[in-house]
Amino acid sequence: MLARSVRQIKFLFSDTNRSKTKVLTVSKSKYFLTKRKFYSSFKEHAKPLNYSIDEKQNIVEIHWDDKVTSRHSSIFLRDCCLCNKCFNSDSKQRRIDTYREIPLNIKPISIDITLSHVHFKWSDSHVTAFTHEFLLERRKNEYSDISHIKPTLWATLSDIPRYNLDTVLLNEETRYAWFQSLCEFGVVLFTGAKKEKGELERVKRIFGGYFKSTHYGHTFDVVYKPNPASLAYTSEKILPHVDLPHYCYPPGIQALHCIKQYSGEGGDTTFTDGFYIAQKLKQQNPESFLSLTKQNVTYRDIGTDIFGEFETFYQRPVIGTENGVVKAIDYSNWLRDYTINGSAEEIQKYYKAYYDFTALICDPNHICSYKLSEGEIVTFHNRRILHGRSAFLVNDSNASRVLNGCYFDWDQLFWSMRPIKRRLDRKNRIAER
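Just so you know, the sequence shown maps onto residues 670 to 1102 in my numbering.
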């Protein structure tokens, strides 16, 4: 077992391995900040030595003292000028009208490298000065952002990372560690919450201070109801699914706070990594994978809830991709509508793919089952992690299982985490000097 400052996540990729889901306590965040090196990968001390210009392609080449040569588009450098005329330092936004004020074929007339800056004089007579650090950050071919954190796919997650809610709220290092875990594994637990409603109000502080409201309200109670508007309000078994695929912009993150848990057998929450399932389907049956990325499925929800009568509708593929990379899973058997676009042949092909995908989702070796304890809050990636529930009995005289839930958008988390990451990066750079 690793030291307490280092968390350990175990994955069971073999279909023959089964393990009761355990919860891993992450007591410190030092591991995330020193072992993972979240700050930029370039060397802090690198300095520009000299330059050359590829006049044919109009590209500036800067030669650094760490033997790296970076190539920069001339118009891009001119467009990035941060002088008062080109850039508003208060709003941190571009002021110049790029199309009208910068010629497409602009060239540097002269370049002067000083101890702290690189000065460019352009063919339009404008002068730009960049710090060494600014150019260092842009010498990579791809700019890395916290929204690009690569997920760690899992077949069966035997350890669910957990963090104390108070610590996450008070300590930025722990908060960023929680965020990293959520991005990587898609599901994380909070401990230390009260066993009463209102704790999600504290969680929303991590997300910029507001919920993503839906027709179910700002928050909602997952509790048995005699005339339910959703299967979630029953005591029945619920198959793995994502929430609200019938929205134009489905919520990216869901949080469920366990206020009261059913004491008997049942009421477990299940989690399945939809990205892993999509990857496995692509490996085993590329044709089915392609069908689920192309065929639009109709999702619809009709009923009455806190804001009155509603009817939602949207059409999208089960597997959403971007440049060939899986970015979203929109799967919910109970929210699929009874209409679908396409020829009979296309629909037949879709059903074959749907069955192949569902078989992988329902494979017990791909399901992480965990019974939430009272006071725990689970947060998970709603468009990656499919969640479900085992059936339980209802005591008519008293609600036997009560969860309080809410939704958030990833943008809320990204914009609140980027300033934290910058502060932590700065702290680590200073510590390593």
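The beta-carbon is built from N, C-alpha and C at its ideal position, and this holds for glycine as well.
Return the CA-CA distance between R1091 and T1008, expressed in angstroms with no decimal places.
48 Å
Excluding sequence positions up to five away, which residues of its chain have a Cβ less than 6 Å from the Cβ of I765?
Closer than 6 Å at Cβ, skipping near neighbours: C755.
Could you compute how far the alpha carbon of P895 sits from the alpha carbon of A901?
12 Å
Which same chain residues, not among the five before or five after I780, have their C-beta less than 6 Å away from its C-beta?
Y720 and F789
Just tell me which of D890, E868 and L908 has its CA closest to the CA of H1035.
When each option's Cα is compared against that of H1035, the closest is L908.
Let me check understanding here. Comparing Cα to Cα, which of M1086, E1101 and R1095 lies closest to T843?
The shortest Cα separation from T843 among M1086, E1101 and R1095 belongs to M1086.
With respect to the beta strand (DSSP E) encompassing C1031, which residues constitute its N-terminal and C-terminal limits?
Segment: none, C1031 is in no beta strand (DSSP E) and carries neither H nor E.
Residues that DSSP places opposite I722 in a beta bridge:
V729, per the DSSP bridge assignment.
Spatial distance of G993 from Q953 (CA atoms)
17 Å
Closest Cα partner of C917 within the set C749, I728 and D1078:
Comparing alpha-carbon positions, the option among C749, I728 and D1078 lying closest to C917 turns out to be D1078.
Bridge partners of G977, per DSSP?
D974
Tell me the rounded alpha-carbon separation between H786 and D723.
21 Å
By Cβ distance, which residues of its chain are closer than 7 Å to I778, with the 5 residues on each side in sequence left out?
K790, W791 and S792
Own chain partners of K881 with C-beta closer than 6 Å, once the 5 adjacent residues on each side are dropped:
P920, Y1076, F1077 and D1078
Under 8 Å between the Cβ atoms of H801 and C750?
no
Leaving out five residues before and five after D974 in sequence, what residues of the same chain have Cβ atoms less than 6 Å from its Cβ?
H884, Y885 and A898
Opening and closing residue of the beta strand (DSSP E) in which R740 lies:
T738 to S742
Starting from the Cα of E770, find the closest Cα among I744, K873, K761 and S760 and give me that residue.
Comparing Cα positions, the closest option is I744.
Answer with buried or exposed for Y1020, where buried requires no fewer than 16 other C-beta atoms within 10 angstroms of its C-beta.
exposed
So, at 6 Å on beta carbons, what are the nonlocal neighbours of I1054 in its own chain, with the 5 sequence-adjacent residues on each side left out?
Within the same chain, I1054 has close Cβ partners G855, V856 and F940.
CA-to-CA distance, R1052 to E1101, given in whole angstroms
38 Å
Return yes when the Cβ of W733 is within less than 8 Å of the Cβ of S739, no when it is not.
yes
In the structure shown, what three-state DSSP assignment does D828 receive?
Secondary structure of D828 (DSSP, three-state): strand.
Delimiting residues of the beta strand (DSSP E) encompassing V1047:
I1046 to H1050
What runs of the alpha helix (DSSP H), each 4 residues or longer, lie entirely inside the segment 879 to 913?
none
Pick from K996, K809, P830 and E956 that is closest to Q1017, judged by C-alpha positions:
E956
Using the Cα positions of L718 and K736, report the straight-line distance between them to the nearest angstrom.
10 Å
To which residues does DSSP link L925 through a beta bridge?
Bridge partners of L925: V1047 and G1074.
Mind listing, in chain order, the continuous beta strand (DSSP E) runs of no fewer than 3 residues lying wholly within the segment 766 to 820?
Taking only runs of at least 3 residues, the beta strand (DSSP E) segments lying wholly in the segment 766 to 820 are 777 to 782, 786 to 791 and 796 to 800.
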